[in-house]
Each structure stands twice: as structure tokens, then as C-alpha cells.
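The sequence shown maps to residues 464 to 639 in this note's numbering.
Following: one structure in C-alpha cells, then a few remarks.
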Amino acid sequence: RTALYNQAVPAESPIIAGGWAFDPTLITPFDPAQAAFSLNEARIELPETPEGTPTPDPASSPRLAFALLVSDDPVLVSVAQQLASQWAALNVLVTVEPLPVAQLEERLNAGLFQSAMVELTQLGTADPDVYDFWHEAEYPDGKNFGGANDRFVSEVLEHARREPNSLNRKTAYISF
464 RTALYNQAVP AESPIIAGGW AFDPTLITPF DPAQAAFSLN EARIELPETP EGTPTPDPAS
524 SPRLAFALLV SDDPVLVSVA QQLASQWAAL NVLVTVEPLP VAQLEERLNA GLFQSAMVEL
584 TQLGTADPDV YDFWHEAEYP DGKNFGGAND RFVSEVLEHA RREPNSLNRK TAYISF
């Protein structure tokens, strides 16, 4: 709302909200108390400390810490910092790491990241085609940077791409 002056849509789904294939009934509203409970239940262990180093106090240490890569565009860095602040409220330490676009792409392609904020553009297409990001064949040499490897998801996305009937395509995207 602030960094992008109300021009952004929350990424609550891989399918962009408001599009013809989006199904709002599949969205679970963010519940900070449930998120904190889920993180607690995950029982994430604190990293080992070198010998002779005092063990951090679990109550004051972040329950999870990771770096978030982002393009060095000032607006996107601001969005990433706001995300980091939201994670901090759950006692999760997110370090924002802004990089020039070429360096960001290099790190993504090499798999040298813990998390990344990337932009998705759908210019030139009416379909919410997320094949490149989610299909198993797009890893490691495509844009499936997270290494998603689910045969059902891949088959549903293949079907959605081939299906000429828009109602059947929407059903495939909802299944995805």
C-alpha cells in the first residue's frame, strides 16, 4: 500500500487476483496469531554455535532467519523491507539483499539464494500462465527457481496450456 502507492495486488496466490482464472474462495486470510502458532509448532532449531560461543537465548533469538534477494530498484527494496518488518513481528529475521538485476538473475539461475522477490509480468497474454515458475521441467534450467517438483502440478499446467475451452482451463488453474 505504501511503497507502491496502492498500485500493487497482494500475492496471495500464484494466480493474480482479479484475473479470470483466480478463485478467491481458495484464499485463506492472513492470521498473524495462526502464523506464530504454526512457526512455534514447526519447532525450528536454532543453528549450532561454535564451541566456546554462548548459546543464544531462544526467547530473544529469531526463530528463523533468512536473506531475501531483490532487485536494487528503490521501490522494490522498500517493498522487501516492509515484508521483512512483517516477518519481524513473528520473530523471524529477514535480511534484505538488494542486487543489480544482472547479479540477481545470476544468483537465481545458479540457485544461490534462500528466498527471492521477483516480478511477474503477464504482458502479451490473457492467461495466468505460471508454467515457467512451477513446472518440474523448468528446474534447474528455467525459472522454477524454487525447484518445485510435483508431477500433478506439472500435468495440470500442461493441460491448462493445451485446453481451448476457457471453462476447462479455469478448472485446471483452480486445480493447480
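Beta carbons: idealized from backbone N, C-alpha and C, even for Gly.
Environment of residue i [buried if 16+ CB atoms lie within 10 Å]
i           : result
residue 607 : buried
residue 492 : exposed
residue 484 : buried
residue 623 : buried
residue 548 : exposed
residue 468 : exposed
residue 478 : buried
residue 615 : exposed
residue 583 : exposed
residue 557 : buried
residue 559 : buried
residue 591 : buried
Strand pairing of residue i, partner residues [DSSP]
i           : result
residue 558 : 530
residue 579 : 532
Among the options, nearest to residue i - alpha-carbon criterion
i           : options            : result
residue 620 : 609, 632, 501, 504 : 632
residue 543 : 630, 473, 635      : 473
residue 502 : 639, 635, 547, 553 : 553
residue 637 : 604, 489, 628      : 489
residue 572 : 634, 560, 551, 596 : 596
residue 464 : 591, 555, 541, 601 : 541
residue 593 : 566, 639, 603      : 639
Contacts around residue i, its chain only, beta-carbon distance under 8 angstroms, and the 5 residues preceding and following it disregarded
i           : result
residue 576 : 530, 532, 570, 608
residue 495 : 552, 553
Sequence-distant residues of the same chain with beta carbon closer than 6 angstroms to residue i, five excluded per side
i           : result
residue 480 : 472
residue 550 : 557
Cutoff 7 angstroms; reference residue i; Cβ partners in own chain excluding five residues on either side
i           : result
residue 618 : none
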